[in-house]
Each structure stands twice: as structure tokens, then as C-alpha cells.
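Taking it in order: structure first as C-alpha cells, then the write-up.
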Amino acid sequence: PNASRGLQHKGLRYLCAAWKSNPTHPSFALRIGKYFPTVLSLSDDNSLGPALFLSKNLLPHLPKKIASRYLIPALMNAVASQDRSDESLVLLHTVATTVWTEEGVVDTASIDLDDQAADKFFTSEGAEFCPDFPSELLLRLFDLCLEFETPSDRSTGQEREYVLGKIGYVARCMPFLVSLGCSRGDDDSGGVSSSNELIGRVFHWFASISKELESTVDEKTHITQALVIEAFSKSSIECHRRLSSSVVASLGNALSTMRSCANNLLFS
247 PNASRGLQHK GLRYLCAAWK SNPTHPSFAL RIGKYFPTVL SLSDDNSLGP
297 ALFLSKNLLP HLPKKIASRY LIPALMNAVA SQDRSDESLV LLHTVATTVW
347 TEEGVVDTAS IDLDDQAADK FFTSEGAEFC PDFPSELLLR LFDLCLEFET
397 PSDRSTGQER EYVLGKIGYV ARCMPFLVSL GCSRGDDDSG GVSSSNELIG
447 RVFHWFASIS KELESTVDEK THITQALVIE AFSKSSIECH RRLSSSVVAS
497 LGNALSTMRS CANNLLFS
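Whatever position you read off the sequence shown (first residue = 1), add 246 for this note's numbering.
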């Protein structure tokens, strides 16, 4: 992290090229993987540049299991290491929306292109093989997304557009974060109960932000509403897959609110 920017960039390019050329080689996974926390630690200018570089140029090219075990945890720690910022949200968004190309030839005639587009726009692929993250790390990731201003907090049109764009960014991160929270087991720092609290916060955010967006009728707000509703549906599917029926039932109020918002958006 203390190398010059030019030297650092060359080193990262070499790492990406070397690993992509033989991504399953154990030397890279076992030896280089353990150095990711150091490579991705904040530089002197408090920048997440190295983490952003690897998230775009290496992450999608590694086998998903290797990426999930070694690179994604290091990237999430990099996100959490910086105070809440647009740069940290961009890094989280890049990881959360990464899609891995499936091997083999796919018969495109048998694919529903609308479903395929939605699956790539809202994905939780990166969370599939991740190890359990500590409660403190998950809390910082969720806080990054859930604690920011709402459109009503901004007065000018330009400020409002900024907040709407940020809501769209957060919405695309939610299925990934919900999957991480749902997958987490027990540990000494809270375990399942703390994870369920985080999931409850997410669904409260979905409901409250959707109700607020309903108060304004314009195209950009409607697009943002649609993103939030689609993210909610993907997150709900993850909850039904991974959580107990009693926990899912506790989210019923949010479901009712979102159903009403979706109906209003479609039929108003």
C-alpha cells in the first residue's frame, strides 16, 4: 500500500494477469490469497483504488469458489475499513453485482431474456460460497447502505437526483447483503439473532423508502421505485430459501407495504 501509484498499478496488473492465466493453481489461492488484506489495505491517501482495481479486473475471472473464499472477504474488509463514502459504496456495489460467466455453450433460444437480465442486474452470486462474516463486519456493510439521507432531506433537483441514484446503487447491493446475513451461523458475537436483526432492518428500509418514493410522481422516481421493488423480491427469495418460517413471517408488514407500492406503481 505504500508503493508509488505507478508501481502499485503495475503490480496489480501483473497479479491479475498471472492469476487469470491459471486461476485454479494452488500456489495463487493458498499463498497469494493470504496477502489480499495487506494488498487491499488503505493507501496513504485513504483510497480504495487497489480494491476497486481487483474487484473489476480479477474478481469476475476467478472461479467463483476461490473468489468467494479469498478475494471477496478481503474486499469486504476494505469496504468496512473506510468511513462511509461514495467510494466504499462503489466497491460494495461492484462486488455485489459481479456475475460469473457459466462454462459451456448455452442454448439462448431456451432462455427468458427478461429473467436473465433481471438475474444479472440483481444478483447474490458472490455470496454463495463466502465464509461467515463476523457480526461487526456485517454491521458496517449494512450501515453503509441503510444510513444515508432520503430524497425528502434534499431541496434542489440536483441533490434529489443524487439521492435517487444512491438508492438505486443500494438496491442492487441488497440481495448480496441479505444472502450474507441469511447464510451466517452462530458465533460468540451474536450469531443468528444479530443476523435476523440486520435482515429486519433491511426490510424496514425497503418499506420506508418505497413509501417515501410514492409521494413524488416523476419518471426518475418511478425508475428508482422499480429498482427497489425488484431488489425486495430478490431479497425475499433469499430469505425464504435460507431463514426459518418464523423469521420470514415476522417480515410480513414489509411485504404488505411493498405489495401495495408495487400495485400503485403498476396501475396508477
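Every residue, glycine too, gets a C-beta built ideally from N, C-alpha and C. Just so we're clear, the structure is a prediction, and the values are computed from it rather than from any experiment.
Whole-angstrom C-beta distance between residue j and residue i, which should lie under 8 Å
i, j, result
"I318", "V336", "Contact doesn't hold; Cβ gap of about 16 Å is too wide."
"I475", "L501", "Actually they do not touch by this definition, with Cβ atoms about 12 Å apart."
"L384", "L426", "6 Å"
"L410", "P397", "6 Å"
"V424", "S496", "That pair is no contact at about 14 Å."
Cut-off 8 Å between Cβ atoms - residues of its own chain near residue i, not counting five sequence neighbours on either side
i, result
"L253", "none"
"T354", "Low confidence applies to T354: its pLDDT is 46, below 50, so where it sits in the model is not reliable enough to give any reading."
"R418", "H339, A342, T343, F367, F368, L473 and A477"
"F388", "L423, G427, L444, R447 and V448"
"T347", "P306"
"E395", "V409"
Residues near residue i by beta carbon distance below 7 Å, same chain, minus five either side
i, result
"T344", "L305, P306, E371 and G372"
"A297", "L286, L321, A324 and L337"
"Y415", "L335 and H339"
"T470", "L410, I413, G414 and L459"
"Y316", "A275, G279 and F282"
Residue closest to residue i, alpha-carbon to alpha-carbon, out of the options
i, options, result
"F299", "S440, L258 and R330", "L258"
"G446", "V493, M504 and K310", "V493"
"A313", "E395, D389, W265 and L385", "W265"
"E460", "L497, A495, M504 and A417", "M504"
"A472", "C485, R487 and I413", "I413"
"S506", "E484, E458 and K480", "E458"
"C428", "Y281, F379 and W346", "F379"
"H450", "H255, T284, E393 and G295", "E393"
"S441", "H255, C485 and E465", "C485"
"E333", "G295, L444 and L387", "G295"
"R328", "L308, R386 and T284", "In the sequence under discussion, the amino acid at residue 328 is Gln, which differs from the Arg named in the question. When each option's Cα is compared against that of Q328, the closest is R386."
"K466", "Q404, H255, L489 and P309", "Q404"
"N508", "E382, H468, S267 and P269", "The displayed chain sequence assigns Ala, not Asn, to residue 508. Of the listed residues, the one whose Cα sits closest to A508 is H468."
"E374", "R488, S479, E382 and F513", "R488"
"K311", "S381, C376, S456 and A453", "C376"
Same chain, Cβ closer than 6 Å to residue i, neighbours up to 5 away in sequence not counted
i, result
"R330", "L390"
"C262", "N303 and L304"
"S293", "none"
"N499", "none"
"L308", "P269"
"E382", "none"
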